[in-house]
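Peer 1: If you read the sequences in order, they're chains Z and S. Read in order, the letters of the first sequence are residues 0 to 384 in numbering that gives the first Met the number 0. Read in order, the letters of the second sequence are residues 0 to 384 in numbering that gives the first Met the number 0. Cβ coordinates follow ideal geometry from the N, Cα and C atoms, glycine included. Can you keep this structure in mind? I'll have questions shortly.
There are 2 protein chains.
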Amino acid sequence: MKHPLKTDFRIGFLGAGQLARMSSLQAFRFGMQVSVFSDRKENEPVQFMTPYSWSGSFDDVESMMEFASSCDVITLENEFIDSKILAELQRRSGTPIYPSPESFALIENKLIEKQTFENAGIPVTPYKLIESQDDLNSFGDKYGWPYLLKSSKGGYDGYGNETVTDAESAKDAFKKLGGESGREIIAEAFVDFTHELAVQVARNEHGYVVYPCCETVQENHINVAVKAPAEVDESIRLKSQELAVTAAEAIDGKGIFAFEFFLTKEGDLLLNESAPRPHNSGHYTIEGTVTSQFENHVRAVCGLPLGDVSMIKPAAVMMNLLGTNKRPAVIENHEKALAEPNGHLHSYGKLESKPGRKMAHFTLIGEEMKDVYKRARECTKVIKI
Amino acid sequence: MKHPLKTDFRIGFLGAGQLARMSSLQAFRFGMQVSVFSDRKENEPVQFMTPYSWSGSFDDVESMMEFASSCDVITLENEFIDSKILAELQRRSGTPIYPSPESFALIENKLIEKQTFENAGIPVTPYKLIESQDDLNSFGDKYGWPYLLKSSKGGYDGYGNETVTDAESAKDAFKKLGGESGREIIAEAFVDFTHELAVQVARNEHGYVVYPCCETVQENHINVAVKAPAEVDESIRLKSQELAVTAAEAIDGKGIFAFEFFLTKEGDLLLNESAPRPHNSGHYTIEGTVTSQFENHVRAVCGLPLGDVSMIKPAAVMMNLLGTNKRPAVIENHEKALAEPNGHLHSYGKLESKPGRKMAHFTLIGEEMKDVYKRARECTKVIKI
């Protein structure tokens, strides 16, 4: 691979959303050029930021070839492209892809993912491959109703998941998810947790860095905020960081990874989800840590040494700013957020807002979590997008 | 003007170099789009960062019209475009330009600039309009030889300046600079200074913010480093900041401005130069202060409230990384810089390096200036570009 700090070095992003956008900003800071491939034609966040833009289908290697050939390295902002497609794109274009297609192969299928992490000694949410109608009932009887049914491939933020409450609904959901027509379906227990935690790990041939364990705050099943560090015992934070490093190693990850854990009432950590990319839970690192998840994403996939992940101040809070109206996007009532010392407003440049769409975020750093969280909420609760 | 946090808001840069590049990175963070106009055809830093790029002549309003019409607001990264051209571009396109053409008119001519600041009560480097051969000699006799002759318009980093040592060389230089063919020439005394200081001010309809007084470190007349805050008495720093605010007000500046001062052996501050744009002396603010000069540049010209300019840590050092070789640009021996906690490497994406060209910079922040400066030098002295 070409020297990554040669200024005609081109990093390519499969996917043109806010995660690729924030990574691109860092790539530019290193003097790199950016290529982007989107499965949407126009107006995606990164498409406003580079002259080197392609559109097509993530299922069609041919449609990605010109993009891939323009890059010195390719990375991803999502996990929806089949690892076989990635492997073929890498082989045909000769451009390395990180995280590697081999890493993707270990996490694109939820069953293999859970087995991989379990084999590495990481406790995961209880699950079972559903091979018969009997399994549907015995899982509920063993781990309790309701529980989740999931297609082992695909699915994101609740899509491709069904909550089942009894034998009847389990049967219906199994059918709806395609279980009867041969799709691999797994059951997953609901975990009675006190906290949802997340840890980012960046890793490449130089080693790894692990970010502070943070906490995602949900309201009505929507992640509204992230607190870093998480308000749990230090021993829990350290344990989650240790498990996250083990997980990154288990998939031989090169890039930035996020691992989400449930902390149970009994104080156990269960790995819930993994993401082979920058993650919403790590947005606070832009101002909250010395080296952001986006900078370490770029460093990791380009083979550069990884950067320090110490926190700048003791507490950081990131508030997701979701669309409030269906309309051309505009951030209204931003004055309090912009006036807040140590507050930082990030907009993703999406032209159209709609209720619940991730449009922007606001990070506030400070000395004491309770105060920082209170101020961050006050700055953002008035914002309309 | 359209709401600046509407995501189809487009900020335009006249000039496509590293200053516009770093401001663009901030504009993207606010969700804005970026248009750029360069007087060079290709491979300028910002041209790699947007699909909306035009080239032409800064002297030709017509060539800038399509660019200007694509923008909601226009700003500049240099001071070489005639204020009359700017006024005509603004009038014809209907797109506001900040800093305004009226502000530019007060600083594009060194004579008017000095008079403007003097009238505002700001001490400036001793100068005189040369109206006769006698003036050439009397200036030297009064303020000492050698002194500087400058064309009142144009000139940058020493171009358009001549150092004169005696009556004969003064006569030759006056002719060389075009004084005999009607160009306005001013004499400027060399000042015996102990420190060169710089202060950034951002200002718009919401008010102003003034950055800490920093110090530029010269070696062989080249600015190799910036220390913030400057290692001078606090009273001097506060005085320079006060003068900088007065200067920004004197030109009714809307935007970001840098003011450079000499601190004389006697402890007096003399305003030496002003820049109506982000400035090399302010690069340290990206990591060194809560809100960078580039963010406040964007905020100021877009009419947003200005951001806090407190320092993140007590000491910040910025090292300019100049080209070391004539070759395709590549940053070699970067490992120490990238590994330094609290160190931040910025490359401008210029494809071609040559000795002395501004290619990149490195900022290190920390607790104590002496230590930070030493480490910043150690990280960067091995770098070849």
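Measure the alpha-carbon distance for V35 of chain S versus I10 of chain Z and round it to whole angstroms.
Peer 2: In the second sequence, the residue the question calls residue 35 of chain S occupies position 36. In the first sequence, the residue the question calls residue 10 of chain Z occupies position 11. Approximately 22 Å between the Cα atoms of the pair.
Peer 1: For the beta strand (DSSP E) containing R20 of chain Z, name the first residue and the last one.
Peer 2: As a first step, residue 20 of chain Z must be located in the first sequence, where it is residue number 21. Premise fails: R20 of chain Z lies in the alpha helix (DSSP H), Q17 to R28, not in any beta strand (DSSP E).
Peer 1: Specify whether the region 196-205 of chain S and the region 288-297 of chain S touch according to this definition: at least 3 beta carbon pairs, one from each stretch, less than 8 Å apart.
Peer 2: yes
Peer 1: Determine the extent of the beta strand (DSSP E) in which L337 of chain Z is found, giving its start and end residues.
Peer 2: If you number the first sequence from 1, residue 337 of chain Z lands on position 338. DSSP places L337 of chain Z outside any beta strand (DSSP E); the residue lies instead in the alpha helix (DSSP H), whose first and last residues are E334 to A338.
Peer 1: Quick one: is H333 of chain Z near chain S, going by C-beta distance under 9 Å?
Peer 2: Here residue 333 of chain Z is taken as the residue at index 334 of the first sequence, counted from 1. Yes, H333 of chain Z lies at the interface with chain S (some Cβ there is under 9 Å from its Cβ).
Peer 1: Going straight from the alpha carbon of A15 of chain S to that of S346 of chain S, what length do you get?
Peer 2: Numbered from its first residue, the second sequence carries residue 15 of chain S at position 16. Numbered from its first residue, the second sequence carries residue 346 of chain S at position 347. Distance between the alpha carbons of A15 of chain S and S346 of chain S is about 14 Å.
Peer 1: Whole-angstrom Cβ separation of P354 of chain Z and T323 of chain Z, contact assumed at under 8 Å?
Peer 2: On the first sequence, position 355 is the one that residue 354 of chain Z refers to. On the first sequence, position 324 is the one that residue 323 of chain Z refers to. Sure, about 6 Å apart at Cβ, within 8 Å.
Peer 1: Among Z:L18, Z:F12 and Z:M31, whose alpha-carbon lies nearest the alpha-carbon of R20 of chain S?
Peer 2: The sequence position of residue 20 of chain S within the second sequence is 21, counting from 1. Checking every option, the nearest Cα to that of R20 of chain S belongs to Z:M31.
Peer 1: I need the boundaries of the alpha helix (DSSP H) containing T115 of chain S, first residue and last residue.
Peer 2: Mapped onto the second sequence, residue 115 of chain S falls at position 116. Where T115 of chain S is concerned, the enclosing alpha helix (DSSP H) stretches over K109 to N118.
Peer 1: Is the number of C-beta pairs between the region 232-240 of chain Z and the region 101-108 of chain Z that are closer than 8 Å three or more?
Peer 2: no
Peer 1: Reducing DSSP to helix, strand and coil, say where P44 of chain Z ends up.
Peer 2: Within the first sequence, the letter at position 45 stands for residue 44 of chain Z. If DSSP states are grouped into helix, strand and coil, P44 of chain Z belongs with the helices.
Peer 1: Count the CB pairs spanning the region 174-185 of chain S and the region 107-123 of chain S that are closer than 8 Å, and state whether there are at least three.
Peer 2: yes
Peer 1: Inspect the beta-carbon positions of M318 of chain Z and H360 of chain Z and report whether they are closer than 9 Å.
Peer 2: By 1-based counting over the first sequence, the position of residue 318 of chain Z is 319. By 1-based counting over the first sequence, the position of residue 360 of chain Z is 361. Taking 9 Å as the Cβ cut-off, M318 of chain Z and H360 of chain Z qualify as a contacting pair.
Peer 1: If the cut-off is 9 Å on Cβ atoms, which residues from the region 314-341 of chain S count as contacting chain Z, listed in chain order?
Peer 2: P327, A328, V329, I330, E331, H333, E334, L337, A338, E339, P340 and N341
Peer 1: For G252 of chain S, collect the residues of the same chain with a Cβ closer than 6 Å to its Cβ; drop the 5 residues on either side in sequence, then sort them by chain order.
Peer 2: Mapped onto the second sequence, residue 252 of chain S falls at position 253. Counting only Cβ-Cβ distances below 6 Å, and skipping sequence neighbours, we find P98, S102 and R202.
Peer 1: Could you spell out where the alpha helix (DSSP H) holding H296 of chain S opens and where it closes?
Peer 2: Reading the second sequence from its first residue, position 297 is the one you call residue 296 of chain S. Start and end: Q292 to V300.
Peer 1: Quick one: list the residues of chain Z neighbouring I311 of chain S, beta-carbon separation under 8 Å, in chain order.
Peer 2: Indexing the second sequence from 1 puts residue 311 of chain S at position 312. In chain order: I311.
Peer 1: Suppose you measure from the CA of V72 of chain S to the CA of Q25 of chain S; what does that come to, to the nearest Å?
Peer 2: Indexing the second sequence from 1 puts residue 72 of chain S at position 73. Indexing the second sequence from 1 puts residue 25 of chain S at position 26. Roughly 15 Å between the two C-alpha positions.
Peer 1: Going along chain S in order, which residues have a C-beta closer than 7 Å to the C-beta of F12 of chain Z?
Peer 2: What you label residue 12 of chain Z is simply residue 13 of the first sequence in a count that begins at 1. Ordered by position in chain S, no residue passes the 7 Å Cβ test against F12 of chain Z, which lies about 14 Å from the chain.
Peer 1: Would you mind reading off the limits of the alpha helix (DSSP H) that contains S102 of chain Z?
Peer 2: Within the first sequence, residue 102 of chain Z is the residue found at index 103, counting from 1. Unbroken alpha helix (DSSP H) run through S102 of chain Z: P100 to I106.
Peer 1: Between the region 322-338 of chain S and the region 40-57 of chain S, are three or more C-beta pairs nearer than 8 Å?
Peer 2: no
Peer 1: Between P304 of chain S and E334 of chain Z, how many whole angstroms is the CB-CB distance? I'm expecting something under 8 Å.
Peer 2: Against the second sequence, residue 304 of chain S aligns to sequence position 305. Against the first sequence, residue 334 of chain Z aligns to sequence position 335. The Cβ separation is near 6 Å, so the contact holds.
Peer 1: Is D38 of chain S buried or exposed, if buried means 16 or more other CB atoms sit within 10 Å of its CB?
Peer 2: Stepping through the second sequence from its first residue, residue 38 of chain S is reached at position 39. By the 16-neighbour rule on beta-carbons within 10 angstroms, D38 of chain S is buried.
Peer 1: Identify the contact partners of L4 of chain Z in chain S, using a Cβ-Cβ distance below 7 Å as the criterion.
Peer 2: Residue mapping note: residue 4 of chain Z aligns to position 5 of the first sequence, counting from 1. By Cβ distance, chain S contributes V329, I330, H333 and S346.
Peer 1: Give the straight-line distance between the Cα atoms of E195 of chain Z and T290 of chain S, rounded to the nearest whole angstrom.
Peer 2: Against the first sequence, residue 195 of chain Z aligns to sequence position 196. Against the second sequence, residue 290 of chain S aligns to sequence position 291. Distance between the alpha carbons of E195 of chain Z and T290 of chain S: 32 Å.
Peer 1: Quick one: Cα of L147 of chain Z to Cα of G159 of chain Z, how far?
Peer 2: As a first step, residue 147 of chain Z is located in the first sequence; it is residue number 148 there, counting from the start. As a first step, residue 159 of chain Z is located in the first sequence; it is residue number 160 there, counting from the start. The straight-line gap from Cα to Cα measures roughly 10 Å.
Peer 1: Give the DSSP-derived three-state secondary structure of Y155 of chain S in the structure shown.
Peer 2: Residue 155 of chain S sits at position 156 when you count from the first residue of the second sequence. Confidence is the limiting factor: at Y155 of chain S the pLDDT is only 49, short of 50, which leaves the residue's position unreliable, though a coordinate-based value still follows. Correct three-state label for Y155 of chain S: strand.
Peer 1: How long is the line joining the alpha carbons of H343 of chain S and K383 of chain S, rounded to whole angstroms?
Peer 2: Numbered from 1 along the second sequence, position 344 holds the residue referred to as residue 343 of chain S. Numbered from 1 along the second sequence, position 384 holds the residue referred to as residue 383 of chain S. If you take the alpha carbons of H343 of chain S and K383 of chain S, they lie about 17 Å apart.
Peer 1: State the beta-bridge partners of D320 of chain Z as determined by DSSP.
Peer 2: Counting from 1 along the first sequence, the entry for residue 320 of chain Z is found at position 321. The sequence as given places Leu at residue 320 of chain Z; Asp does not occur at that position. According to DSSP, L320 of chain Z bridges with Z:A359.
Peer 1: At 9 Å on the CB atoms, spell out the chain Z contacts of S52 of chain S, in chain order.
Peer 2: Residue 52 of chain S sits at position 53 when you count from the first residue of the second sequence. Ordered by position in chain Z, the residues that pass the 9 Å Cβ test against S52 of chain S are P50.
Peer 1: Using the three-state DSSP reduction, which class does K127 of chain Z fall into: helix, strand or coil?
Peer 2: On the first sequence, position 128 is the one that residue 127 of chain Z refers to. Of the three classes helix, strand and coil, the one that applies to K127 of chain Z here is strand, per DSSP.
Peer 1: Which of the three DSSP states is assigned to V35 of chain S in this structure?
Peer 2: Position 36 of the second sequence holds residue 35 of chain S. Looking at V35 of chain S - three-state DSSP - the assignment turns out to be strand.
Peer 1: Between the alpha carbons of I121 of chain S and D267 of chain S, how many angstroms are there, rounded?
Peer 2: As a position in the second sequence, residue 121 of chain S is number 122, starting the count at 1. As a position in the second sequence, residue 267 of chain S is number 268, starting the count at 1. Computed Cα separation, rounded: 11 Å.
Peer 1: Around the Cβ of K373 of chain Z, are there at least 16 other Cβ atoms within 10 angstroms (buried) or fewer (exposed)?
Peer 2: Looking up residue 373 of chain Z in the first sequence gives position 374. Burial call: exposed.
Peer 1: Classify M0 of chain Z: buried if its beta carbon has 16 or more other beta carbons within 10 angstroms, exposed otherwise.
Peer 2: Reading the first sequence from its first residue, position 1 is the one you call residue 0 of chain Z. It is exposed - the Cβ of M0 of chain Z has fewer than 16 other Cβ atoms within 10 Å.
Peer 1: For A359 of chain Z, decide whether its Cβ has a neighbour in chain B, counting only Cβ atoms nearer than 9 Å.
Peer 2: Considering every chain present, this structure includes no chain B. Its protein chains are Z and S.
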